[in-house]
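Below is one structure, written out as structure tokens, with a few remarks after it.
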């Protein structure tokens, strides 16, 4: 067993997910799964690990240094803001993601949040539970998705799936991203490039799909919220810290913004007293955009294939590399 490559899965998971991890484990590998988000348990698991596979768990420089045998850090999904990439690079440990593995499912969730927010679904449900029949109120306070201008901030795989899934709703789509697409690709997707200010001003629905970086942190702040239409909504299935949450609360409370559909928060899980959870204009879910069994299987397969291929010296998809191996 001394030469058996070991995978440390650092994020606690439900039994069914653990079962899938073991079912999809490549032949010849050993897998150990963390029982809780405990730093000392992570440190112990990493001592003998050749591969670290993780979801939303923090992996800082100290933990990376505590893993002398580590060959590869494999991220579940695409967000790497909780991994110390500089420390990984300094150690010569590459970092890979599962690019595109759960994109369609997260996009589907973004559409769900658009519909639920425009139709005030949680408020309608709670009113029914409370014995109130509010259909007359909803007729004048809800809106349809069809025909609304959707603004896309960030244009990765998830955003492209959102655009594809919106086609049935006949929504004009505008977008802003750091690197503009070719005119041919814009025509293929039937989308229009605009600058960031115009994106804010023209969007009925602003859907966030950018990674969290120094440049994007709190980019949806009071100043930028003030540029948006008062009846607009914001959808965030990316990272909570893209939004200044205090500014968003104020904008909704003062009716300078209709509402928001949020799958992510600056702190997760959010404090139960977070005012965003108490506003009728907000639809909130617990970072569940990819929380469907099909996405679980897809991501595990993708990550395990990356690990198996890396062990065999088979090149990974270039789109999966965040920190490349020294020889790549």
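Residue numbers (the working numbering): -11 to 316.
For each residue, glycine too, the CB sits at the ideal point set by N, CA and C.
Values in this document were obtained by computation on a predicted structure and should not be read as measured data.
Report the three-state DSSP secondary structure of residue i (helix, strand or coil).
i           : result
residue 300 : helix
residue 95  : helix
residue 270 : strand
residue 71  : strand
residue 138 : strand
residue -4  : strand
residue 40  : strand
residue 85  : coil
residue 34  : helix
residue 62  : strand
residue 212 : helix
residue 368 : One cannot answer for residue 368 here, as it falls past the ends of the chain, which runs -11 to 316.
residue 284 : helix
residue 1   : coil
residue -11 : Since pLDDT at residue -11 reaches only 43, below the 50 mark, its modelled position is unreliable, and the value read off the structure follows with that caveat. Correct three-state label for residue -11: coil.
residue 221 : strand
residue 26  : coil
residue 293 : helix
residue 204 : coil
residue 120 : coil
residue 239 : helix
residue 261 : coil
residue 105 : helix
residue 13  : coil
residue 57  : coil
Mind checking which residues open and close the beta strand (DSSP E) that includes residue i?
i           : result
residue 250 : 247 to 250
residue 18  : 18 to 21
residue 310 : 309 to 311
Leaving out five residues before and five after residue i in sequence, what residues of the same chain have Cβ atoms less than 8 Å from its Cβ?
i           : result
residue 117 : none
residue 237 : 263, 264 and 267
residue 285 : 8 and 12
residue 180 : 160, 161, 162, 163 and 174
residue 112 : 122 and 126
Here's a check: name, in chain order, each residue in its chain whose Cβ is nearer than 6 Å to the Cβ of residue i, leaving out the five neighbours to either side.
i           : result
residue -6  : 18, 36, 37 and 38
residue 313 : 82
residue 13  : 19
residue 43  : -1 and 64
residue 204 : 198 and 230
residue 277 : 94, 97, 225 and 251
residue 177 : 151
residue 300 : none
residue 139 : 162, 187, 191 and 194
For the alpha helix (DSSP H) that residue i lies in, which residues bound it at each end?
i           : result
residue 229 : Neither: residue 229 is in no alpha helix (DSSP H) and is coded neither H nor E.
residue 52  : 49 to 53
residue 317 : Not covered by the structure: residue 317. The range shown for the chain is -11 to 316.
Return the chain-ordered list of same chain residues with a C-beta closer than 7 Å to the C-beta of residue i, the five sequence neighbours on each side being excluded.
i           : result
residue 249 : 101, 102, 104, 105, 221, 223 and 271
residue 49  : 72 and 75
residue 235 : 209, 210 and 213
Measuring only between beta-carbons, confirm whether residue i sits less than 7 Å from chain D.
i           : result
residue 201 : Of the protein chains in the structure, only one exists, and it is not chain D.
Next on the checklist: Pairs of beta-carbons, one from the region 241 to 253 and one from the region 164 to 176, closer than 8 Å: are there three or more?
Outcome noted: no
Checklist entry - Should the region 156 to 163 be regarded as contacting the region 226 to 240, the criterion being three or more beta carbon pairs within less than 8 Å? => result no
Item to check | Every unbroken beta strand (DSSP E) inside the region 122 to 200 [3 residues or more] | outcome: 138 to 141, 161 to 164 and 193 to 196
Item to check | At least three beta-carbon pairs within less than 8 Å, the region 202 to 217 to the region 187 to 194 | outcome: yes
Checklist entry - Is the region 218 to 235 close to the region 94 to 106, with three or more CB pairs under 8 Å? => result yes
Checklist entry - Are at least three pairs of beta-carbons, each pair with one atom in the region 55 to 70 and one in the region 289 to 301, less than 8 Å apart? => result yes
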